[in-house]
Amino acid sequence: AQSVAQPEDQVNVAEGNPLTVKCTYSVSGNPYLFWYVQYPNRGLQFLLKYITGDNLVKGSYGFEAEFNKSQTSFHLKKPSALVSDSALYFCAVRLETGGFKTIFGAGTRLFVKA
Amino acid sequence: SAVISQKPSRDICQRGTSLTIQCQVDSQVTMMFWYRQQPGQSLTLIATANQGSEATYESGFVIDKFPISRPNLTFSTLTVSNMSPEDSSIYLCSVEDGLAGATDTQYFGPGTRLTVL
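Keeping their order, the protein sequence lines are chains A and B.
Per my numbering, residue 79 is the first one in the first sequence, and the count goes up by one each step.
Per my numbering, residue 27 is the first one in the second sequence, and the count goes up by one each step.
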């Protein structure tokens, strides 16, 4: 079955420290991977996506993600966390079958402490 | 990127009534999507709406309960019919930035927070 897993419900980081939000996937065919962020009482915002090419993808707000095919992972990273990064983060995979449906992970809540 | 607005932003409704949620996009888009999200949880796709055709519903969602209209390329509505407390959720409208390809990015409206008493 095709799926996306975010193994951590919550990640706590001190401001200024690097952060990682983990995502693993299981799909047949080429994986098209996305990260979205949801701030309180707002809709999801696109952060970045991996389609092909360079395994390190840079996105909005200083975030980047590393695609690792052998580990089937697409972890979200940021070198120095800000308190304003505190939000709910969703990893998603776009499927080529079923009308290009998107499957979202369960979400990881990031708390950045000052 | 597309700018999406939804109305209402929130509502409190009595069980047995219906609520229609509007989604307006600032540009023409091929596909629009309706999702349901429990606060702090993941998204569940309700249906996909293409202009000029019937919406395609996901397993567990039916047209009688969630009728959708898509009269043009910038607008769609989702109605939650005969509501029960289990329908309390956040309803999100979403569009794609391309031509329904696998690499398309989705953009989301701010959501409608529905509470059914």
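Virtual Cβ for every residue (Gly too), placed ideally from N, Cα, C.
In this text, all values refer to a predicted model and were calculated from it rather than measured experimentally.
So which residues on chain B does residue i lean against when the C-beta distance must stay under 9 Å?
i: F168 of chain A; result: S68 and L69
i: K179 of chain A; result: L71, T74 and E84
Please list, in chain order, the chain B residues whose beta carbon lies closer than 8 Å to that of residue i.
i: K100 of chain A; result: Going along chain B, no residue has its Cβ under 8 Å from K100 of chain A, so there is no contact; the nearest lies around 15 Å.
i: F182 of chain A; result: S68 and L69
i: F124 of chain A; result: S27, T131, Q132 and Y133
i: G185 of chain A; result: G66, Q67 and S68
Starting from residue i, trace the beta strand (DSSP E) in both directions and tell me its first and last residue.
i: V99 of chain A; result: L97 to V99
i: Q132 of chain B; result: Q132 to F134
i: A170 of chain A; result: A165 to R172
i: N90 of chain A; result: Q88 to A92
i: L154 of chain A; result: S151 to K156
i: E144 of chain A; result: E142 to N146
i: N98 of chain B; result: I94 to N98
i: F182 of chain A; result: T180 to F182
i: D191 of chain A; result: Here residue 191 of chain A is Lys; the residue named in the question, Asp, does not match the sequence. It spans T186 to K191 - the beta strand (DSSP E) in which K191 of chain A sits, taken as one unbroken run.
i: R36 of chain B; result: R36 to C39
i: Y103 of chain A; result: T102 to S104
i: T138 of chain B; result: T138 to V142
i: V82 of chain A; result: S81 to A83
i: Q32 of chain B; result: I30 to K33
As a quick exercise: from the options, pick the residue whose alpha carbon is nearest that of residue i.
i: S107 of chain B; options: B:S35, B:I38 and B:S44; result: B:S44
i: V89 of chain A; options: A:K179, A:L154, A:T180 and A:I181; result: A:L154
i: F112 of chain A; options: A:V91, A:K136 and A:S158; result: A:K136
i: T74 of chain B; options: B:L118, B:V142, B:S27 and B:A28; result: B:L118
i: I47 of chain B; options: B:Q132, B:S115 and B:L69; result: B:S115
i: Y203 of chain A; options: A:V190, A:F189 and A:C169; result: As displayed, chain A neither begins before 79 nor continues past 192, which places residue 203 of chain A out of reach and without an answer.
i: L188 of chain A; options: A:A159, A:S81, A:V105 and A:K147; result: A:A159
i: K191 of chain A; options: A:S81, A:A92 and A:A83; result: A:A92
i: S85 of chain B; options: B:Q132, B:S110, B:F134 and B:L71; result: B:L71
i: S164 of chain A; options: A:Y117, A:K100, A:T102 and A:N95; result: A:Y117
i: C49 of chain B; options: B:T131, B:T141, B:I30 and B:D90; result: B:I30
i: F152 of chain A; options: A:A79, A:K100 and A:E86; result: A:K100
i: N108 of chain A; options: A:F182, A:G131 and A:A83; result: A:G131
i: Q84 of chain A; options: A:N119, A:T150 and A:Y139; result: A:T150
i: Q77 of chain B; options: B:T131, B:K33 and B:M57; result: B:M57
i: K33 of chain B; options: B:D130, B:Y133 and B:T105; result: B:T105
So residue i and residue j are in contact, right, with Cβ under 8 Å, and what is the actual spacing, rounded?
i: F141 of chain A; j: K156 of chain A; result: 5 Å
i: R36 of chain B; j: R139 of chain B; result: 4 Å
i: P136 of chain B; j: G185 of chain A; result: About 17 Å; that fails the 8 Å criterion.
i: V55 of chain B; j: E112 of chain B; result: In fact, because the Cβ distance is near 30 Å, the residues do not count as touching under 8 Å.
i: I94 of chain B; j: T103 of chain B; result: 7 Å
i: F145 of chain A; j: N133 of chain A; result: 5 Å
i: A28 of chain B; j: D52 of chain B; result: 6 Å
i: S110 of chain B; j: F59 of chain B; result: Their Cβ separation, rounded to whole angstroms, is 23 Å, which puts S110 of chain B and F59 of chain B out of contact at 8 Å.
i: V105 of chain A; j: V161 of chain A; result: Wrong, their Cβ atoms sit about 34 Å apart, outside the cutoff.
i: Q40 of chain B; j: L143 of chain B; result: 6 Å
i: Y103 of chain A; j: V82 of chain A; result: 5 Å
i: L173 of chain A; j: Q80 of chain A; result: 6 Å
List, in order along the chain, the chain B residues whose C-beta lies closer than 7 Å to that of residue i?
i: G121 of chain A; result: L118, F134, G135, P136 and G137
Compute the minimum distance between the beta carbon of residue i and the heavy atoms of the ligand COA, and state whether it is under 8 Å.
i: L122 of chain A; result: Summarising the ligand content, the structure contains no ligands, and the ligand COA is consequently not present.
Taking DSSP's pairing of strands, which residues face residue i in a bridge?
i: Q63 of chain B; result: B:L69 and B:I116
i: I47 of chain B; result: B:L104
i: S138 of chain A; result: In DSSP, S138 of chain A forms no bridge with anything.
i: Y128 of chain A; result: A:L111
i: K91 of chain B; result: DSSP, once it has assigned bridges, lists no residue as partnering K91 of chain B.
i: A75 of chain B; result: B:M58
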